[in-house]
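Peer 1: Structure incoming, see below.
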Amino acid sequence: MELEELSVVEKAAMLSGGSEWDSRGNSRAGIPSFVMSDGPHGVRRQLGEGDHLGIGASKPATCFPTAGTVANSWDPALAEEMGEALGKEAHDLDVNVLLGPGMNIKRNPLCGRNFEYYSEDPVVAGRMAAGLIRGIQSNGVSACPKHFAVNSQELRRQASNSVIDERTMRELYLTGFEIAVREARPMTIMTSYNEINGVYAHENKHLLQEILRDEWGFDGMVVSDWGGSNSAVAAVKAGGSLEMPSPGFTSVRELEGAVRAGTLSEADLNARAAEVAKIAVATKLVGVGRDDLLKDDIAVAHHEVARKVAENASVLLKNDNAALPLKPGTRVAVIGDMAATARYQGSGSSKVNATREENILEEVKNAEGLYLAGYEPGYDRQGAIDRGLIEDAIALAGKDSVDVVLAVIGLDERSESEGLDRSTMAIPQVQNDLIAALKGTGKPIVVVLVAGSPVELPWMDDVVAVLYVGLSGQAGASATVRALTGEVNPSGHLAETWPLVYGDCPSAGWYPAIGRDAIYREGPFVGYRYYETADVPVRFPFGYGLSYSDFTFSDLSVDDNGVTFTVTNDSDIAGATVAQLYVRGPQGGVLRPDRELKGFVKVWLDAHESKKVTIPFDRYTFRHFDVAANVWRTESGTWTLLVGDNAEHLPLSVAYAVVGDMGVTPANPALGGYLTGHVKDVTDTEMAVLFGHEVIAPGKPMTFGVNDPIMSWAGSKGFVARTIAKTLTKQEAKIRQKTGSPDLNTLFVLNMPPRAMSKMTQGRIDSAMVDAIVKIANGHTFRGLGGVIAGYFRNQSANKRTAKELNND
C-alpha cells in the first residue's frame, strides 16, 4: 500500500512519537517504527521506557570527549573517525537516529550546555559537525544535528524567545548548520525549544521551509526537541515532521480536525508523513537481531578511538621554561579530587554509561618514567571549605621527595549541565585557595584543567604549566598523562575565546535573559568577533594553543582559488599546529567584525619539516547577507587575508581584489557603537537600526499563559501555583547541594511551560486540560481543578475512540 492511500488519521499518527524514544510505524504501508537516542558523544540507549534527561539507566557505551573538547582538535577527519565509532555503536544497540551533534554557537561562556557545542565560530562548528555526521551515517544510522536554531541559554529554555536581527542570525547562528547540511547531508535535524522572533522553532516556516529546505536543499526529517512542539498543526504547515516524545493521540485529533476543517492541506500532511517514512526505510536494517551489549573487541577498539580524540584535543595553555613534558624520573605529587574521581562528561541527556573509566592518579602511578610521590584530594569537590584538606596537600607538596606538583582542578558536576546556566565563570574558590597555598611551597605547579567551557584563572602567574583537557571522555586520563610525559605532543587549539574575567564578555550585561525575550543586542559581535574588533584584552584568543614544537609561517600567496603558504616546524620534535585563514572586508564597507575565520587546516610536521598548505575559498569566504534584498551578496573591493595560528597571531597578510556583485557600500552611521564593535555602549536607538525595528522587552505579564514557564508561577496570585513553583525551586537547590549534581527532573519542570504537559505525558493531558491548569496559575484554583478533572475523563474517552479508529484502519 502506498503512503498516500492511508487514512488521514493514520498519516497524522505517524507525525508524533509512540513512546519516549520510538516513532509510530504503520504496518499496512510497511513502515516500521524506529528508535531515536541521545547522544552527541556516546550512545545513551536507555533501558525500559526511559526518560529524556539522562536520569534513567542505560546500556554501556563508549563515552567519547564532548563536542566542546572535540572542537579543540580542529580536525574534521578525526571527528569523522569518532562518528564512525558512534554510528557503529548506535547500529549495534538498535538505534536508528542518533541525536547529535549539538552545534549551537557559544554566545556566552555561562551557557550550561556549552560543553555539548563546538564553537563560537560557525565555520569550526559546521566543519567539525559535518565530519561527525559523515561518520555516523556511514553505518546506515541517521545523525541529527541540533538544536535548530538560535538556542543559547538554558534558563527558561522551553519558554524563551530569541530576538535577533536577520543578518546576524544568517551569518553567525545558521551558517554552521548550513555547512553541515550542505557538506554532510544529515537525514534528520532537531529543532530547538525556543521561539525565534516570536515563532517557535518547530513551527517556523522561515527557518524550516524557506531556509533549511528551499535554500539549503535539506530533504530529511525535522524532529522536535522532546516536548518542544507547540502546535501540531502549525508545525506540519511550516515543515516540522515529527514531534517527540509521545503526546498520545491529542496531536492526531488536532491534525485530523484541521484537515477536515480545511485549515491544513492534506498535501502538507502527506509531505511530513513521507519524511518520517523515509527515515524508517533508510535505517530499517538497524534493529534486526543486534546484541544488547557491545562486544568486547568493539569496546576496546572504541576506547582507543576515544583516547586518540582526547590526545588530539588537549590544549597546552602555558609552558614556562619547558616545564612540560615531565622529565623521566620526575617525582610527582598528585593533588586534586578530580585526579582520583574523574570528571569527563557533563550532566543531562548526553550522559553516557561508559564502558570503562580511567583516572589520572592511577595513570600517573602506572606511567613509565614517573614516580608517584603521593596523593592528596586538596579540596572538597562540592566547594565546602576544609582547611585540613589544603594543609595535607601543602605537607605533601613540601616534601623533599617531590619535584613537581600536579594539580587537577576544574568545574564540578553542578556547574555544567542541561537545564541550568552557570552562575559564574570562576571555578570553586576552594580550588583557587589550594593553588595559592601550594605556591608557598616553592615547588613548580603543573595544572591539569578539567572544564567544558572557559573559566577565570586568577592563579595563572603562579603556575609553570597548564594543560586544558576539557571534558575528555572515558579515556581522557590516559590521554592526559601521555601528553604530560611527552608520549603525545599537545596539538589542540581553543575553539572559543577565553576572556580575562566574565565582565569582559560582550553579552555579560544581559545574559541569561530572565524574562521571555532573550535579545541578542550584541549582534554579530560574539567571541573573537567582539574582542578583536573592540580591542578588548583576553586571557587566550580564539584558536590559541601551544605545543612542544615551534612553528613558523611564511611565503603567503593568493589566487582566485585560495591562499597558499608554508608552515615549518623549527624544533626537534614532531608536532602539529592549526593554520587559520581570516578575512577583513574592504575599508568603508558594510558593517563587519574586524576579522572572521573562513578556513583552517591541521598541519602535521616532522622535526624541521616544511609543508606548503592551501586553504581554498568557498561560498562562505566573502559573502554577507543583504537583509533588504533577502540574498547573499559579495562586496567588490580590496580585502585583507590574514594567516596564522590564532585570531591574534596572524603573521602573514596579503591584499586581494575581490570582484563581487556590489560595490563597497558604507555602513549606516546610525549604527553608532556597532561600527566599532563597542556593543556594551550601544543604545536602544542604535539597536533598532541593526534590527530594522524597535526592540522593546515586554513588561511582567499580568496573567500567565500556556507558554509561561512554571518557575514564573512564583509570582502568581494563586496560593497553590505559587506554592508549587517555590517548593520545586527549594527542592532542586536542596538536592543539588546534597548530591553535588543538578536535579534535572525538577529543573525541567521549572523551565517547562504548561503546554508541554500535553506533549510529554503520552496523552494523559490534552490541551483543554492545560488551559484549566493555567487557570490555577492565575489564581482560579477551584475552577481550574474542576476543568482538569472533567477534562481528564473527556480526554480518556477521546483517546479510546482514536485508538479504535487507528486499529480499524
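Sequential numbering of the sequence shown, starting at 3, is according to my numbering.
For each residue, glycine too, the CB sits at the ideal point set by N, CA and C.
Over the uninterrupted beta strand (DSSP E) stretch that includes Asn-825, give me the two end residues.
Peer 2: Nothing can be reported for residue 825, as the shown portion of the chain is limited to 3 through 811.
Peer 1: With a cut-off of 9 Å, does the C-beta of Gly-591 fall near any C-beta of chain C?
Peer 2: This model lacks chain C altogether, as it is built from one protein chain only.
Peer 1: DSSP beta-bridge partners for Gly-412?
Peer 2: On the sequence shown, position 410 is the one that residue 412 refers to. The partner list for Gly-412 (beta bridge, DSSP) reads Val-452.
Peer 1: Below 8 Å on the Cβ atoms is my guess for Val-645 versus Leu-654; work out the distance and round it to an integer in Å.
Peer 2: Counting from one through the sequence shown, the residue named residue 645 turns up at place 643. Counting from one through the sequence shown, the residue named residue 654 turns up at place 652. About 4 Å; that satisfies the 8 Å criterion.
Peer 1: Whole beta strand (DSSP E) runs in the stretch 458-535 with 3 or more residues, listed along the chain?
Peer 2: Entirely contained in the stretch 458-535, the beta strand (DSSP E) runs reaching 3 residues are, in chain order, 467-470, 519-521.
Peer 1: Measuring only the C-alpha atoms, how far is Ser-154 from Ile-778?
Peer 2: In the sequence shown, residue 154 corresponds to position 152, counting from 1. In the sequence shown, residue 778 corresponds to position 776, counting from 1. Roughly 31 Å between the two C-alpha positions.
Peer 1: Please report how far the alpha carbon of Leu-440 lies from the alpha carbon of Pro-188, in whole angstroms.
Peer 2: On the sequence shown, position 438 is the one that residue 440 refers to. On the sequence shown, position 186 is the one that residue 188 refers to. When rounded, the distance between both Cα atoms is 50 Å.
Peer 1: Would Pro-78 pass as a contact of Met-16 if the rule is Cβ separation under 9 Å?
Peer 2: Sequence index remark: in the sequence shown, residue 78 carries index 76 (1-based). Sequence index remark: in the sequence shown, residue 16 carries index 14 (1-based). No, these two residues do not count as a Cβ contact at 9 Å.
Peer 1: Closest by CA to Asp-710, which one among Val-354, Ala-758, Gly-793?
Peer 2: Taking the sequence shown and counting its residues from 1, one reaches residue 710 at position 708. Checked all of Val-354, Ala-758, Gly-793; the closest Cα to Asp-710 is Ala-758.
Peer 1: Trp-606 by DSSP, collapsed to three states: which one?
Peer 2: If you number the sequence shown from 1, residue 606 lands on position 604. If DSSP states are grouped into helix, strand and coil, Trp-606 belongs with the strands.
Peer 1: Under a three-way DSSP split, which group does Glu-378 fall into?
Peer 2: Taking the first residue of the sequence shown as position 1, residue 378 is located at position 376. Looking at Glu-378 - three-state DSSP - the assignment turns out to be strand.
Peer 1: Go through its chain and collect everything with a Cβ distance to Gly-291's Cβ below 8 Å, but skip five positions before and after it.
Peer 2: What you label residue 291 is simply residue 289 of the sequence shown in a count that begins at 1. Reliability of the predicted coordinates at Gly-291 is poor, the pLDDT of 49 falling under 50, and the value obtained from them is presented with this limitation in mind. Once the five neighbours on either side are set aside, Gly-291 has no close Cβ partner at all.
Peer 1: I'd like to check one pair, Ile-33 with Ala-240: are the Cβ atoms closer than 9 Å?
Peer 2: Counted from its first residue, the sequence shown places residue 240 at position 238. Counted from its first residue, the sequence shown places residue 33 at position 31. Result no, Cβ atoms of Ala-240 and Ile-33 do not sit closer than 9 Å.
Peer 1: Go through its chain and collect everything with a Cβ distance to Arg-109's Cβ below 7 Å, but skip five positions before and after it.
Peer 2: Looking up residue 109 in the sequence shown gives position 107. Here the set comprises Ser-154, Ser-509, Val-528.
Peer 1: Which runs of the beta strand (DSSP E) fall wholly inside the stretch 560-637 and span at least 3 residues, in chain order?
Peer 2: Correct list: 564-571, 577-586, 598-607, 612-618, 625-628, 633-636.
Peer 1: Let's see if you can read the secondary structure: which residues bound the beta strand (DSSP E) around Thr-640?
Peer 2: Mapped onto the sequence shown, residue 640 falls at position 638. Thr-640 -> beta strand (DSSP E) spans 639-646.
Peer 1: If contacts are defined as beta-carbon pairs under 8 Å, then Phe-117 and Gly-70 qualify, I think. What distance do you get, rounded to the angstrom?
Peer 2: Working through the sequence shown from its first residue, we reach residue 117 at position 115. Working through the sequence shown from its first residue, we reach residue 70 at position 68. So it is a contact: roughly 5 Å between Cβ atoms.
Peer 1: If you follow the beta strand (DSSP E) that Ser-655 is part of, which residue opens it and which one closes it?
Peer 2: By 1-based counting over the sequence shown, the position of residue 655 is 653. Here the beta strand (DSSP E) through Ser-655 covers 654-660.
Peer 1: On a Cα-Cα basis, can you pick out the residue from Gly-505, Gly-511, Asn-28 that is closest to Val-538?
Peer 2: Stepping through the sequence shown from its first residue, residue 538 is reached at position 536. With distances taken between Cα atoms, Val-538 lies closest to Gly-505.
Peer 1: On the DSSP bridge list, what partners appear for Lys-148?
Peer 2: For the purposes of this step, residue 148 is identified with residue 146 of the sequence shown, where counting begins at 1. For Lys-148, which the question treats as bridged, DSSP gives the partners Gly-104.
Peer 1: Can you name the start and end residues of the alpha helix (DSSP H) that Thr-725 belongs to?
Peer 2: Counted from its first residue, the sequence shown places residue 725 at position 723. Per DSSP, Thr-725 belongs to the alpha helix (DSSP H) from 721-741.
Peer 1: Alpha carbon to alpha carbon, what distance is there between Ala-342 and Arg-383?
Peer 2: Residue 383 sits at position 381 when you count from the first residue of the sequence shown. Residue 342 sits at position 340 when you count from the first residue of the sequence shown. So the two alpha carbons sit approximately 11 Å from each other.
Peer 1: Could you check where the beta strand (DSSP E) with Phe-542 kicks off and where it finishes?
Peer 2: Locating residue 542 in the sequence shown gives position 540, where the first residue counts as 1. Start and end: 540-542.
Peer 1: Provide the residue span of the beta strand (DSSP E) that contains Asn-321, from first to last.
Peer 2: In the sequence shown, residue 321 corresponds to position 319, counting from 1. Per DSSP, Asn-321 belongs to the beta strand (DSSP E) from 317-321.
Peer 1: Return the CA-CA distance between Gly-250 and Gly-380, expressed in angstroms with no decimal places.
Peer 2: The residue given as residue 250 occupies position 248 in the sequence shown. The residue given as residue 380 occupies position 378 in the sequence shown. Each residue's Cα considered, the two are about 52 Å apart.
Peer 1: Taking the continuous alpha helix (DSSP H) assigned at Thr-68, which residues delimit it?
Peer 2: If you number the sequence shown from 1, residue 68 lands on position 66. Taken as a continuous stretch (DSSP letters only), Thr-68 belongs to no alpha helix (DSSP H), as it is neither H nor E.
Peer 1: In three-state DSSP terms, what is Gly-291?
Peer 2: Residue numbering aside, residue 291 sits at position 289 when the sequence shown is read from its first letter. Any reading at Gly-291 must be qualified, since the residue scores a pLDDT of 49, below 50, and its modelled position is unreliable; the value itself is stated next. Gly-291: coil per DSSP, three-state reduction.
Peer 1: Just tell me which of Asn-106, Val-224, Phe-66, Asp-596 has its CA closest to the CA of Asn-355.
Peer 2: For the purposes of this step, residue 355 is identified with residue 353 of the sequence shown, where counting begins at 1. The shortest C-alpha separation from Asn-355 is found at Phe-66.
Peer 1: Could you work out which residue in Glu-650, Leu-176, Gly-786 is closest to Lys-148 when comparing CA atoms only?
Peer 2: Numbered from its first residue, the sequence shown carries residue 148 at position 146. Among Glu-650, Leu-176, Gly-786, the Cα nearest to that of Lys-148 is on Leu-176.
Peer 1: Among all the DSSP beta bridges, which residues are the ones paired with Tyr-373?
Peer 2: As a working note, residue 373 is residue 371 in the sequence shown. Partner(s): Arg-333.
Peer 1: Who are the Cβ neighbours of Asp-405 in its own chain at under 6 Å, not counting the five residues just before and after it?
Peer 2: Taking the first residue of the sequence shown as 1, we reach residue 405 at position 403. Once the five neighbours on either side are set aside, the close Cβ partners of Asp-405 are Thr-332, Arg-333.
Peer 1: Asn-106 to Ala-127, Cα distance in whole Å?
Peer 2: Against the sequence shown, residue 106 aligns to sequence position 104. Against the sequence shown, residue 127 aligns to sequence position 125. Looking at the two C-alpha atoms, the distance is approximately 8 Å.
Peer 1: Buried or exposed for Phe-567, please, with buried defined as at least 16 other CB atoms from any protein chain shown within 10 angstroms of its CB.
Peer 2: Position 565 of the sequence shown holds residue 567. Buried is the call here.
Peer 1: Between the beta-carbon of Glu-313 and the beta-carbon of Arg-484, is there less than 9 Å?
Peer 2: The residue labelled residue 313 in the question sits at position 311 within the sequence shown. The residue labelled residue 484 in the question sits at position 482 within the sequence shown. Yes, the Cβ-Cβ distance between Glu-313 and Arg-484 is below 9 Å.
Peer 1: When the Cα atoms are used, what is the spatial distance from Val-708 to Leu-752?
Peer 2: Position 706 of the sequence shown, counted from the start, is the residue given in the question as residue 708. Position 750 of the sequence shown, counted from the start, is the residue given in the question as residue 752. About 14 Å.
Peer 1: Tell me the residue span of the alpha helix (DSSP H) that contains Asp-190.
Peer 2: Taking the sequence shown and counting its residues from 1, one reaches residue 190 at position 188. A small fix is needed here, since residue 190 is Thr in this sequence, not Asp. Unbroken run through Thr-190 is the beta strand (DSSP E), 190-192; no alpha helix (DSSP H).
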